[in-house]
Each structure stands twice: as C-alpha cells, then as structure tokens.
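What follows is a short report on a single structure.
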Amino acid sequence: MRLDFLTEENVGGVDLFLRAVLGTLSLVVLALDLASGSLKWVLAAVAFIGIFSGLTRHCTPYSLFGFSTAKKCCK
1 MRLDFLTEEN VGGVDLFLRA VLGTLSLVVL ALDLASGSLK WVLAAVAFIG
51 IFSGLTRHCT PYSLFGFSTA KKCCK
C-alpha cells in the first residue's frame, strides 16, 4: 500500500498563513484562560491542527481528496 501521499507538503500560501495564525491565536486564548467548558476543547483542537499543519505544511484530508494549496516546484 502506497502511503507516501501522507507526508507530502500540500499546504501553502494564504492557507498556511491562516492555519498558523488561527492556531497561535487559539493557543493564546487558552493560555490566558479566556475560554471555558467545551470551547476549551474546540480551541485546543484548532490550536493543535493549525500549528501542526503550519509546521509540517501537510493536511491529511487534503491528501485524501487530492487537493493542494502548495506551489508546485520544478525538479
């Protein structure tokens, strides 16, 4: 089974920027304890997904659907 599509970069440009910013803002809201209840869990998920996909430049749902916002590079 071919799994190399799970490691390819497929997030870039504005998408990458928005993920990183939303993840960071969610983390700040959590750190300042400005959220309570279920909202904390939602913000924790947004923070993790945003920061992780921003750092790795990878989004698994994008890979599964064959979608990419990353620029194609010449080899």
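Quick note, the sequence shown lines up with residues 1 to 75 if you use the working numbering.
We put the CB at the ideal spot given by N, CA and C, even for glycine.
Residue burial is scored here from C-beta neighbours: Leu-43 has at least 16 other C-beta atoms within 10 angstroms and is therefore classed as buried. A straight-line Cα-Cα distance of about 8 Å links Leu-55 and Ala-20. Contact between Val-46 and Gly-23 is confirmed by a C-beta separation of about 7 Å, below the 8 Å threshold.
Take Ser-53, set aside five residues on each side of it, and the residues of its chain with a beta-carbon closer than 6 Å to its own are Val-11, Arg-19, Cys-59, in chain order. Gly-50 and Phe-67 have their C-alpha atoms some 17 Å from each other.
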